[in-house]
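Participant: I'd like to ask you about the structure that follows.
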Amino acid sequence: MAHHFKEEDIDEFRECFYLFAREGTINKLDELSVIMRSLGMSPTITELKKYFSENNGKLHFPEFLKVMHNHCRVEKLPNEILAAFKASDRQHSGTIHSKHLKHLLQGWGEHLNSKEVEQIFREANVHPNGKVNYDEFVKIACAPIPDYY
Numbered sequence: 001m002a003h004h005f006k007e008e009d010i011d012e013f014r015e016c017f018y019l020f021a022r023e024g025t026i027n028k029l030d031e032l033s034v035i036m037r038s039l040g041m042s043p044t045i046t047e048l049k050k051y052f053s054e055n056n057g058k059l060h061f062p063e064f065l066k067v068m069h070n071h072c073r074v075e076k077l078p079n080e081i082l083a084a085f086k087a088s089d090r091q092h093s094g095t096i097h098s099k100h101l102k103h104l105l106q107g108w109g110e111h112l113n114s115k116e117v118e119q120i121f122r123e124a125n126v127h128p129n130g131k132v133n134y135d136e137f138v139k140i141a142c143a144p145i146p147d148y149y
């Protein structure tokens, strides 16, 4: 896995990992969450649980590098979303109508319900009948979430 990262990145990962894995192993969800977030990642609880289940409930540094490699690919999602918005923006305005955005959020991917869309719109300060700067929307919608578990 080391060939996927620069040597200085691996050194940073190792330093963060061993701050919590004093015995060389991480076996708590909150530890993995703190480590990954301190490295600029924003894993969901579901993703963290998946990483643990794939590794029998504990991670040594080599497994942690694999987790980081896999998660780094997931973290590229905001750029992919932004690229999709740009590709469908025929006028190159940088905006999308909020009604169209609501339709996309409810009909594609995870199929959000009305309450979920309203909550996202509230947090992103989107007006129901207005234009949305999709670059700003993606930054807000894909921002790391605080740890509330």
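Numbering (UniProt numbering), first residue to last: 1 to 149. Beta carbons: idealized from backbone N, C-alpha and C, even for Gly. These figures come from a predicted structure and were not determined experimentally.
If you run the structure through DSSP and keep just helix, strand and coil, what is residue 168?
Facilitator: As shown, the chain starts at 1 and ends at 149. That puts residue 168 outside it, with no answer to give.
Participant: On the three-pair Cβ rule with 8 Å, is the region 54 to 72 touching the region 22 to 34?
Facilitator: Yes: at least three Cβ pairs fall under 8 Å.
Participant: Is it the case that the Cβ atoms of Val117 and Lys102 are separated by a distance below 8 Å?
Facilitator: Yes, Cβ-Cβ distance for Val117 and Lys102 is below 8 Å.
Participant: Grab me the residues of Leu39's own chain with a C-beta within less than 8 Å of its C-beta, minus the 5 sequence neighbours each way, in chain order.
Facilitator: Cβ neighbours of Leu39 beyond the five flanking positions: Glu12, Phe13, Cys16, Met68.
Participant: Report yes if the C-beta distance between Phe20 and Ile35 is below 8 Å; otherwise report no.
Facilitator: Their beta carbons are under 8 Å apart, which means Phe20 touches Ile35 by this criterion.
Participant: Quick one: what does DSSP say Val67 is sitting in, helix, strand or coil?
Facilitator: In the structure shown, Val67 sits in a helix (DSSP, three-state: H, G or I).
Participant: Could you check where the beta strand (DSSP E) with Lys131 kicks off and where it finishes?
Facilitator: Looking at the DSSP string, the run of the beta strand (DSSP E) that includes Lys131 is 131 to 133.
Participant: When you compare only the Cα positions, how much space is there between Leu32 and Lys6?
Facilitator: Distance between the alpha carbons of Leu32 and Lys6: 21 Å.
Participant: Looking at the secondary structure, which residues open and close the alpha helix (DSSP H) in which Met36 lies?
Facilitator: Counting along the chain, the alpha helix (DSSP H) containing Met36 begins and ends at 29 to 38.
Participant: Mind listing, in chain order, the continuous alpha helix (DSSP H) runs of no fewer than 4 residues lying wholly within the region 106 to 141?
Facilitator: 114 to 123, 134 to 141, all fully within the region 106 to 141.
Participant: Note down the Cα distance separating Arg122 from Trp108, rounded to an integer number of angstroms.
Facilitator: Answer to the nearest angstrom: the Cα atoms are 20 Å apart.
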